[in-house]
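Notes follow once the structure below has been shown.
Residue numbers (our numbering), protein chains in the order written: chain A, 842 to 1548; chain B, 88 to 557.
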């Protein structure tokens, strides 16, 4: 099956085209099932690939390329023609991501059939969703960063289309523009990084680039520049501080679409890109450190904003940003496995949360948590499935989030950066708090708005079915992957044997980044100096790496045991604050710390800052426009015309005053001369002419002869 | 006059142009459209002639004032292709006076012939004469809609600026002549000195006028806005690309930038051109003006390829030029269709276009996305080529400026796309689309998609045509 992996992005693409252009717009059309069936086929293929990879029956990484086009390149003064292939590269993370993306997309599509049934642009929506998924799958399977970048951009386009789906309203229109331009800004970093990579390596093939890094051919400065560019791209797509401003607004799109963006496609792409090019980051430790802190800032700031929001989708959006911060932080401290593990588990429970929220919104027709309450009695399936998701995201023991978040925290702990660890720990507790708060406000206690409560009802089976399946995964996927160290086997951390700039020498002890980040294990990780030796030692090396990461994946015992209690305490605190029908405790707290709440409610004033920036750019560009319209047009173009007129007036004047006079003068002179001459020549008699000719001739002759 | 036969194709084209001009007197006004067909068929014939003899080494050689080489043939192809497409667009442009079809098409052909001379010229005399031939035909073409005051205004401004830049260029040529004692472009004759360099810079400014490089771009928006749309299309593509070819010949092959310390000047001009074009385009409400500024920005990207000064950069310029023909002509063709139907080129004319004309909207979107450099369309490949050439020579800051500029450009290109797909149409007026416009758009969109997904044949073609004879 793995040899047909190239079909996985192509099938949904074809389905998308078919639904978009082939089918008529009709709310009862069976055409969405085309997308569902296409995605189900892809899911089947992905599952078979994953099981083959997990069982070890195929050698990973599996790579297959087809010729695409050739490109002239000159590297280091030598010019040669480089053949650019297009192909698939399936390794453990790609296999896992394939399953996650296809599964979530399938669930979203099935759910949407019920959710979107009365929309006027039913087919268009399904076309967009399939297109979106296809671009994400293209990024996942591609062996070529250039093709990856194409998929990346197409995904940006798809998100633009999906967020602005209800374009009759102003909100979605603004949100789609914001999302597109913000991510596009990040993309520019990725673009520059790709140009640098190509200039240095002469290839966009991931395996070749890895090989190049592995040999230590990449100069340190270039490695840092490339890593910064890649990180910038990932920050845009994966909504990291300070480019996260687009994600909370992106929920203006249809809710199942948000589930897709928040769980499986858009935001996962950035994290996946970082993991796919992880060796570039390993070669630039400072950038990795920066990534860790950016992730930390993102996680904390977003979690704090989630504490005060009353919009159910907004809380979920902030929580996505916060969880993405966790992943980025994990990748930044070298917790490759942990970051991707969390990406996987997060995809399940976040898709579930959004679909669940969609179910609630569908039923009560509001996003406002204050108008909900007591829904547990009306919507029993939604209640239990969301409960499962909230347990998972909060990190209740033995749910999926527990395993992955625990591993992330352990990685941070072992990186030795204590401030980072404690901020992230605190953020994890905040997560538990705001998710419980959401849960209590929506489902617990008594109904606050009886009108809405009265009309609330459980959603149809097409909506609850996906919820149940996702809830199952949200609870168990962590345990399944963590068992027997499967996650380490599927998501092995890549390594580079030589640091940038230091070309491997026979006797020099190579300084590996692995040794730099893991002092305790450093000796075992020192890579063999020559390639042949490296291959020889490969099994031992892998074993050591595995052992090392297992070690990194565990918190110290006391912390490990204390963590669940801290989480439960945080949940308890949420109950204490929000338990009553009018959550008086929370309100009094809010009154006490009003300024803090205002800052959080205004989203740390980041949106205002960006607005100011946009206004500033607007002003600058308006100034340029004004200069163009007034100065340039007036001065250069009109002015040029005016100048010409003045010059011509002056020249006219000169003409009239001097030239004409001169001409007149000459004319007069010649006239006078003529008159005088005519006076001399009396009556035009021939003998006189001859006389003058004779005089002239004699004069000339005299002159010539007397010389 | 050595090897005059090498210039036979352009001479034939110029002769045909004159024939068509005179035929105008004979052909009755009712049948005047036949002259358009005659014109585009002539251009297409010459196009086929050059295309089929391109690989033939006997058609290449060095003449007295010219040299015909694969490089010049490549740009003659882009010029002729643009000319054919624009004449086809002209057939569907109702605002052109019917009874002057002969004049119009003759001027288009003459201008094309001038550009073909220009790309082969190796002597400043021929360059100047060719440029004047192009300019004077374009001045008239730009003011062809005599009833339209904007057309007159644009044409007048174009003319004034053209006159100025011609003067500057002649001054440069005179300095060059003073420094070297010849008007022939040959590095051996010239030792780098202040006078020569001043001369070269003035000549560069003269070129900059035609290629719409900052600071010689001021005429562009007005001339483009006022000119009949097929003429705008032609002006935004053919003279620009041919001038780039001449620039590549003069400043790439004969006077390498590095040897004359002009790299920095070129880089700054490129950065300025891109930035001015993109940032001013953001505020345009008239689509033709918007595309005019966008074409200024595109010239900036092309100039990066020349500023880099490596063979890779030159290949990038060639690749991007070819792609640029497709995407710009495609975009203008759709704009012409919508603008003529609505009687206004305001952005709001595009509201809800996808409801009426899905094919046209998609085509325009593809062309705009390609202009913005979004993969997997052809424009992305061209930009990638040029930017990676810049990074490889260490001028990465130019690539960074270019990438950031393409982000800015996305904003205004998407403003059009947004109106087409996300707004309700403002009225129910029908949007008739002529068969020739459909043809032009189809050619352009196929090019944009095909060369984006499969750039192999184009790259092979470009690599086969890089040779420049001295």
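Using N, Cα and C, we set each Cβ at its ideal position, and we do this for glycine too. Note that this is a predicted model, so its numbers are computed, not measured.
For chain A, the residues of the segment 348 to 368 of chain B that bring a beta carbon within less than 8 angstroms of one of its beta carbons are 363, 366, 367, in chain order.
Contact between residue 1220/A and residue 1292/A fails: their C-beta atoms lie close to 16 angstroms from each other, not under 8 angstroms. In terms of beta-carbon proximity, residue 479/B lines the interface with chain A, with at least one pair separated by less than 8 angstroms.
Residues of the segment 1017 to 1038 of chain A with a C-beta atom less than 9 angstroms from some C-beta of chain B are 1017, 1018, 1021, 1022, 1025, 1026, 1028, 1029, 1030, 1032, 1033, 1035, 1036, 1037, listed in chain order.
Residue 479/B and residue 857/A have their C-alpha atoms spaced approximately 39 angstroms apart. Assignment of residue 557/B by DSSP, reduced to helix, strand and coil, places it in the coil class. In the structure shown, the three-state DSSP call for residue 1011/A is helix.
Proximity of residue 1074/A to chain B, defined by a Cβ-Cβ separation below 8 angstroms, is not satisfied.
When C-beta distances to chain A are compared with 7 angstroms, the residues of the segment 446 to 465 of chain B below that value are 461, 462, 463, in chain order. The segment 460 to 520 of chain B contains, as complete alpha helix (DSSP H) runs of 4+ residues, the segments 465 to 479, 483 to 509 (chain order). Classified as buried, residue 462/B has 16 or more neighbouring CB atoms from the shown chains inside 10 Å of its CB. Annotated three-state conformation of residue 983/A is strand, per DSSP. Rounded to whole angstroms, residue 378/B and residue 322/B show a C-alpha spacing of 12 angstroms.
The C-beta distance from residue 210/B to residue 152/B rounds to 4 angstroms, short enough to fall under 8 angstroms.
Under the three-state reduction of DSSP output, residue 1046/A falls in the strand class. Under the three-state reduction of DSSP, residue 1256/A is assigned to helix.
Note on the segment 151 to 177 of chain B: there is no whole beta strand (DSSP E) run with a minimum of 3 residues. According to the DSSP assignment, residue 1442/A belongs to the alpha helix (DSSP H) that extends over 1435 to 1442. The Cβ of residue 1014/A sits closer than 8 angstroms to at least one Cβ of chain B. Here residue 907/A is bridged, per DSSP, to 927/A. Note on geometry: alpha-carbon atoms of residue 105/B and residue 310/B lie some 25 angstroms from one another.
The alpha-carbon separation between residue 517/B and residue 425/B amounts to approximately 10 angstroms. From the beta-carbon of residue 498/B, the residues of chain A found nearer than 7 angstroms are 1022. Residue environment: residue 415/B is assigned as buried (16 or more neighbouring CB atoms within 10 Å of its CB, all protein chains considered). Boundaries of the alpha helix (DSSP H) harbouring residue 286/B: 281 to 298, taken from the DSSP string. Taking C-beta separations shorter than 6 angstroms and ignoring five residues to either side along the sequence, the partners of residue 297/B in its chain run 326, 330, following chain order. Take the alpha-carbon of residue 1113/A and the one of residue 1181/A: they are about 8 angstroms apart. In the structure shown, residue 149/B falls within a strand segment according to DSSP collapsed to helix, strand and coil.
In this structure, residue 1198/A lies near residue 1153/A, with their beta-carbon atoms less than 8 angstroms apart. Nearest to residue 884/A by C-alpha distance, out of 900/A, 924/A, 863/A, 950/A, is 950/A.
When 9 angstroms is used as the limit between beta carbons, residue 1143/A is near no residue of chain B, the shortest such separation being about 25 angstroms. Of the residues 198/B, 374/B, 534/B, the one whose Cα lies closest to the Cα of residue 163/B is 198/B.
Within the same chain, and ignoring the five residues on either side of residue 403/B in sequence, the residues whose Cβ sits closer than 6 angstroms to its Cβ are 392, 472, 473, 476.
Taking each of 363/B, 436/B, 452/B, 418/B in turn and checking the Cα distance to residue 302/B, the smallest one comes out for 363/B. Around residue 127/B, the same chain offers 171, 174, 175 as residues with beta carbons nearer than 7 angstroms, after the five sequence neighbours per side are excluded. For the segment 515 to 546 of chain B, the set of residues with a beta-carbon nearer than 7 angstroms to any beta-carbon of chain A comprises 541, 542, 543, 546, in chain order.
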